[in-house]
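Chains A and B, in that order, are what the protein sequence lines are. Quick note on the numbering used here: the first sequence kicks off at 1 and runs consecutively. Quick note on the numbering used here: the second sequence kicks off at 328 and runs consecutively. Cβ atoms here follow ideal geometry from the backbone N, Cα and C, with glycine treated the same way. What follows is a single structure, written as structure tokens, with notes after it.
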Amino acid sequence: MLADVGGEEGPLSIVEVEELRKQYDPPKGVLAVDDVSFSIDQGEIFSLLGPNGAGKSTTISMLSCLLRPSGGDARVAGHSIVGQPQGVKESIGVVPQDIALYGDMSARENLHFWGVMYGLSGAALDRRVDEVLELITLTERQKDRLDKFSGGMKRRVNIGAALLHEPQVLYLDEPTVGIDPQSRRAILDGILQLRDQGMTILYTTHYMAEAQELSDRIGIIDHGKLIALGTHEELVRMVGEKTEVDIGLDHELRKVAELWSGLEGVGSVDVNEEDMRASLLVDDANSVLPRLFEAAEATGTRVTSVNVVEPNLETVFLHLTGRALRE
Amino acid sequence: MRRAFAIAWKDLRSIYRTPSALATMFAAPLGVALILGLAFGGQGSFDIQAVRTVVADLDGGAASSSAGDDQTQGGATSGIIVEALRSDDLKDLIDATTVKTAAAACAAVDDGDAVVAVIIPEGFGRALQATDVGEGAQVQIYADPTQQIGPAIVEGVVEQVLDELNGARAAATAAARLSMIGAIGTEVDTDKIIATAQDAAESFVQSGGGRESVAVEARAPSLPGQQASKDPGVTGIVLAGQLVLFTFFGASIAARTILVEQEEGTLARLFTTPATRTSVLGGKFLVAFLTVVVQSIVILLVGWLGFRIDWGAVAPVIVLVLVGCAVACGLAMVIGALSRTLAQEGAIGAGIFLVLALLGGNFTGSFAAGGVATTVSRLTPNGWLLAGWDTTMRGGTAADIALDALVVLAFAAVFFAVAVAAMRRRYA
């Protein structure tokens with residue numbers, strides 16, 4: 001069931017996804033994407049937020065015409081991904097989750113090559129390569145082989161290669177995975193800059209903070225289903241007056257969690273045994289917290305930490321799925 | 328097309344920047360050509376040691392090989408066998424010496440001085456010239472039981488000479504009898520007719536008719552409209568077979584670059600760009616094609632310069648190299664498109680190439696053997712390619728190999744189409 005808390009779709013949708021479905025090895029194979037529908041307006045950043053394996057990359061692969069949908073369709077810049085893949089591919093730039101570049105070529109050679117793949121040539125190609133090198137701040141290192149670059153620099157080239165032809169829509173599939181905070185900051189700033197220049201961006205991530213910071217609208221996806229859709233504020237409002245409380249215990253986590261889940265005012269309880277922590281969604285933290293402590297004490301368990309979290313996307317995910325969105 | 332060239336150029340640069348890839352490109356074909364050339368002698372034939380043979384001509388004596396007027400007719404006839412065994416044509420195969428007695432001949436074999444002893448019995452010539460079947464003579468072959476090939480060669484030569492002599496004798500006897508039948512009622516001296524027939528038979532074998540027929544000659548099918556064909560030699564045939572096989576292995580670079588790109592994620596990324604499957608695979612095809620063309624040229628040059636192999640006229644050689652490389656690359660693309668990993672590609676590729684080589688006749692020459700073997704070989708591109716090379720090395724022209732080349736090209740086109748379709752299944 002889709003909890004669409006946003007307003008009506010505007011007339012400027014550049015991506016329209018209709019009941020998109022992907023099942024591997026049907027009829028018994030994994031249903032990776034289950035009738036997902038959403039639209040992205042021109043010039044907005046739309047994030048698909050969900051844990052690993054939720055179906056984000058599969059959705060992007062279908063919207064990139066890499067995977068044929070088992071059902072449904074999508075139109076990108078007016079082209080059907082099923083019937084007009086060539087038109088779709090000319091309209092999009094895709095930044096894959098992993099670095100997909102040639103390590104034995106320099107940054108410039110890589111960009112030049114991908115520019116040709118996007119149909120650029122001659123002076124226009126050279127000009128765009130220069131501009132993109134500047135955008136990703138690698139002009140000085142343009143002649144260095146890519147396999148000499150740091151992870152963050154490779155990520156920047158990975159993004160730059162998708163920008164050469166100035167696509168109408170840019171897909172970024174978890175572009176900040178495994179990089180240092182400084183490079184992550186640079187990438188996020190670059191994405192915001194692209195949005196300001198009018199580019200439409202579809203961004204997938206399992207980092208709540210990134211989705212919150214970047215996105216005009218967010219779709220929360222879990223087990224292949226789009227379970228919520230709206231702006232950050234709209235999604236947070238879904239939680240109502242609920243508050244997320246993170247509590248650390250020294251032992252007996254599961255036993256205590258069972259006790260907590262039976263208490264009045266406690267919504268959902270998600271247990272992370274690895275960290276010995278539980279995330280609870282409660283109606284009123286002030287009134288519920290003493291009873292949570294009492295329950296823990298009754299089992300001889302010591303509370304090691306308490307963190308009351310203001311409602312955010314994590315809270316929303318917990319509210320919708322009963323599970324925490326682990327980063 | 329521009330995208331295909333860009334992909335090919337990228338891959339080529341990558342190869343030239345990788346020492347191991349360069350080594351594979353040049354050293355491997357060089358090594359294959361050198362090893363095979365040296366293994367097969369480089370002179371176009373096998374180097375087999377001549378069979379040490381002793382001949383005891385008890386009917387004519389050791390000197391009978393140079394028959395003179397003073398010798399008996401029997402000695403002259405037995406001398407034909409001795410002459411055949413000592414002929415210049417067979418000197419590379421048979422090293423024949425004469426002894427005076429059967430015991431000496433057998434002793435030579437027993438002592439290991441000779442592999443075979445040929446003993447021509449006394450009365451051999453008389454038995455040959457007899458008009459009735461009552462008389463007979465057997466040439467004895469006494470051979471080292473541990474040897475197989477040498478005695479078989481000597482026995483074959485002796486049998487062929489005997490067949491010729493017996494044939495001449497039978498023809499002469501028949502002619503004499505026919506003359507006698509035709510002469511009934513007339514005053515004709517029948518003894519004189521028989522003597523004349525015997526003289527004719529003797530004259531036939533003396534004239535060298537028998538010698539010519541025992542001469543060993545390598546024969547090969549003649550091309551239509553061609554008087555005689557060149558002998559490509561063993562080295563040429565073997566190297567052509569290995570050239571075809573090596574082309575397939577060399578072309579698997581196409582499959583490998585596909586799989587390397589797949590593992591590194593760049594292949595999927597390529598398919599998110601407007602580059603079509605045909606241009607992506609076309610680029611891969613092109614780089615593999617250029618690589619195996621270079622490799623083929625290396626092998627051809629080594630064969631030509633190092634081992635004096637006459638590959639044939641330039642035009643058909645170029646055609647065969649190009650279509651051979653095209654079909655090898657096409658097949659490699661199919662294997663690359665169907666394989667999931669590099670290890671899988673290596674195993675599947677090697678298996679397919681070797682099966683095709685076995686069926687096509689790379690190792691056995693079955694493409695020219697006739698019958699079912701040839702039919703089976705023509706189910707493979709190898710069979711057509713090898714037939715083309717065989718024709719070219721025997722002096723054929725581009726027109727003579729046109730059918731072979733067209734069929735190989737058709738194989739290449741089908742393989743490429745299958746690769747594109749397989750890639751379509753993997754990437755929508």
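DSSP three-state label for D270(A), please. Here residue 270(A) is taken as the residue at index 270 of the first sequence, counted from 1. Strand.
At which residues does the alpha helix (DSSP H) containing K89(A) begin and terminate? In the first sequence, counting from the first residue as 1, residue 89(A) sits at position 89. Residues 85 to 91.
Candidates V288(A), E140(A), R21(A), A296(A): closest to K56(A) by CA position: In the first sequence, counting from the first residue as 1, residue 56(A) sits at position 56. Of the candidates V288(A), E140(A), R21(A), A296(A), the one whose C-alpha sits nearest the C-alpha of K56(A) is R21(A).
Under 8 Å between C-beta atoms, does Y343(B) make it to chain A? As a position in the second sequence, residue 343(B) is number 16, starting the count at 1. So, not an interface residue.
Can you grab the Cα-Cα spacing for the pair A746(B) / R141(A), in whole Å? Looking up residue 746(B) in the second sequence gives position 419. Looking up residue 141(A) in the first sequence gives position 141. Roughly 38 Å separates the two Cα atoms.
8 Å Cβ cutoff, M117(A) in contact with chain B: By one-based count along the first sequence, residue 117(A) stands at place 117. M117(A) counts as touching chain B.
Since A383(B) and V426(B) should fall inside the 8 Å C-beta cutoff, what is the C-beta to C-beta distance between them, to a whole number of angstroms? Working through the second sequence from its first residue, we reach residue 383(B) at position 56. Working through the second sequence from its first residue, we reach residue 426(B) at position 99. That pair is a contact at about 5 Å.
Proximal residues of chain B, C-beta to C-beta of Q86(A) below 9 Å: Translated into positions along the first sequence, residue 86(A) becomes position 86. Chain B residues near Q86(A): P601, T603.
Please report the distance separating the alpha-carbon of L713(B) from that of V442(B). Numbered from 1 along the second sequence, position 386 holds the residue referred to as residue 713(B). Numbered from 1 along the second sequence, position 115 holds the residue referred to as residue 442(B). Between the C-alpha atoms of L713(B) and V442(B) there is a straight-line separation of about 38 Å.
Leaving out five residues before and five after R68(A) in sequence, what residues of the same chain have Cβ atoms less than 8 Å from its Cβ? Counting from 1 along the first sequence, the entry for residue 68(A) is found at position 68. Contacts found: M62, V82.
Any chain B beta carbon closer than 8 Å to V94(A): By one-based count along the first sequence, residue 94(A) stands at place 94. For V94(A), the answer is yes, since a Cβ of chain B falls inside 8 Å of its Cβ.
For S37(A), which residues from the same chain have a beta carbon less than 6 Å from its beta carbon, with the 5 sequence-adjacent residues on both sides left out? Taking the first sequence and counting its residues from 1, the one referred to as residue 37(A) is at position 37. Cβ within range, chain order: V17, E18, E19.
Straight-line Cα distance separating A360(B) from G452(B): Walking along the second sequence from the start, residue 452(B) turns up at place 125. Walking along the second sequence from the start, residue 360(B) turns up at place 33. Rounded to the nearest whole angstrom, the CA to CA distance from G452(B) to A360(B) is 53 Å.
Can at least three beta-carbon pairs, one atom from the region 600 to 613 of chain B and one from the region 692 to 706 of chain B, be found at a separation below 8 Å? Judged by Cβ distances under 8 Å, the region 600 to 613 of chain B makes no contact with the region 692 to 706 of chain B, as fewer than three pairs qualify.
So, T691(B) versus Y102(A), is the Cβ gap smaller than 8 Å? Here residue 691(B) refers to the residue found at position 364 when the second sequence is read from its first residue. Here residue 102(A) refers to the residue found at position 102 when the first sequence is read from its first residue. For T691(B) and Y102(A), no; Cβs fall outside 8 Å.
Distance, Cα to Cα, A455(B) vs V409(B)? The count along the second sequence starts at 1 and reaches residue 455(B) at position 128. The count along the second sequence starts at 1 and reaches residue 409(B) at position 82. As written in the sequence, residue 455(B) is Leu, which differs from the Ala given in the question. In a straight line, the C-alpha of L455(B) is about 16 Å away from that of V409(B).
Where the alpha helix (DSSP H) containing E297(A) begins and where it ends: Taking the first residue of the first sequence as 1, we reach residue 297(A) at position 297. Counting along the chain, the unbroken alpha helix (DSSP H) around E297(A) starts and ends at 285 to 298.
If you measure from the beta carbon of A32(A) to each beta carbon in chain B, is any gap under 8 Å? For the purposes of this step, residue 32(A) is identified with residue 32 of the first sequence, where counting begins at 1. A32(A) has a beta carbon lying at 8 Å or more from every beta carbon in chain B.
With 8 Å set as the bound, which would you pick, yes or no: does the beta-carbon of S70(A) sit closer than that to a beta-carbon of chain B? Sequence index remark: in the first sequence, residue 70(A) carries index 70 (1-based). S70(A) is outside the set of residues whose beta carbon lies under 8 Å from a beta carbon in chain B.
Taking the alpha helix (DSSP H) that A746(B) falls in, what are its first and last residues? Sequence index remark: in the second sequence, residue 746(B) carries index 419 (1-based). 729 to 753 is the span of the alpha helix (DSSP H), which, as asked, contains A746(B).
Assuming V381(B) and A432(B) form a contact by the criterion Cβ under 8 Å, report the distance between their Cβ atoms to the nearest whole angstrom. Position 54 of the second sequence, counted from the start, is the residue given in the question as residue 381(B). Position 105 of the second sequence, counted from the start, is the residue given in the question as residue 432(B). Indeed, because the Cβ distance is near 5 Å, the residues count as touching under 8 Å.
Determine the direct distance from the alpha carbon of D126(A) to that of D144(A), and round the result to whole angstroms. Numbered from 1 along the first sequence, position 144 holds the residue referred to as residue 144(A). Numbered from 1 along the first sequence, position 126 holds the residue referred to as residue 126(A). D144(A) and D126(A): Cα-Cα distance of roughly 17 Å.
Proximal chain A residues relative to A333(B), where beta-carbon distance stays under 9 Å: Position 6 of the second sequence, counted from the start, is the residue given in the question as residue 333(B). Against chain A, the beta carbon of A333(B) has neighbours under 9 Å at H112, F113, V116, M117, listed in chain order.
To the nearest angstrom, how far is it from the Cα of G552(B) to the Cα of L66(A)? Here the question's residue 552(B) lines up with position 225 in the second sequence. Here the question's residue 66(A) lines up with position 66 in the first sequence. Any reading at G552(B) needs caution, since the residue's pLDDT is 43, under 50, leaving its predicted position unreliable; the model's value is listed next. Cα-Cα distance, rounded: 57 Å.
Taking 8 Å as the CB-CB cut-off, is S64(A) touching chain B? Residue 64(A) sits at position 64 when you count from the first residue of the first sequence. So, interface residue.
If you drop the 5 nearest sequence neighbours on each side, which residues of the same chain put their C-beta closer than 6 Å to that of E258(A)? One-based indexing of the first sequence puts residue 258(A) at position 258. No residues qualify anywhere along the chain.
Determine, for G592(B), whether the minimum Cβ-Cβ distance to residues of chain A falls below 8 Å. For the purposes of this step, residue 592(B) is taken as residue 265 along the second sequence, with counting starting at 1. Output row for G592(B): interface = yes.
Buried or exposed for T176(A), please, with buried defined as at least 16 other CB atoms from any protein chain shown within 10 angstroms of its CB. Residue numbering aside, residue 176(A) sits at position 176 when the first sequence is read from its first letter. Counting C-beta atoms within 10 angstroms of its own C-beta, T176(A) has 16 or more neighbours from the protein chains shown and is therefore classed as buried.
Completely contained beta strand (DSSP E) runs for the region 432 to 488 of chain B, where each covers 3 or more residues: Runs of the beta strand (DSSP E) inside the region 432 to 488 of chain B: 443 to 447, 467 to 470.
Helix, strand or coil at T584(B) [DSSP, three-state]: The residue you call residue 584(B) lines up with position 257 of the second sequence. Under the three-state reduction of DSSP, T584(B) is assigned to helix.
Given V629(B), which residues of its chain have a CB within under 7 Å of its CB, disregarding the five upstream and five downstream residues? Here the question's residue 629(B) lines up with position 302 in the second sequence. For V629(B), where only same-chain residues beyond five positions count, the Cβ hits under 7 Å are L357, A360, L361, G364.
Quick one: residues in its chain with C-beta nearer than 6 Å to the C-beta of L12(A), no 5 flanking neighbours on either side, listed in chain order? Start at 1 with the first residue of the first sequence, and residue 12(A) comes out as number 12. The residues are D41, Q42.
Answer with buried or exposed for T304(A), where buried requires no fewer than 16 other C-beta atoms within 10 angstroms of its C-beta. The residue you call residue 304(A) lines up with position 304 of the first sequence. Counting Cβ neighbours within 10 Å, T304(A) comes out exposed, since fewer than 16 surround it.
Taking the C-alpha atoms as reference points, what is the distance between Q474(B) and G633(B)? Counted from its first residue, the second sequence places residue 474(B) at position 147. Counted from its first residue, the second sequence places residue 633(B) at position 306. Answer to the nearest angstrom: the Cα atoms are 34 Å apart.
Kindly say whether L613(B), judged by its beta-carbon, lies nearer than 8 Å to any beta-carbon of chain A. Locating residue 613(B) in the second sequence gives position 286, where the first residue counts as 1. No, no contact with chain A.
Cα-Cα separation, V239(A) to T668(B): Translated into the one-based positions of the first sequence, residue 239(A) becomes position 239. Translated into the one-based positions of the second sequence, residue 668(B) becomes position 341. Approximately 47 Å, taken between the alpha carbons.
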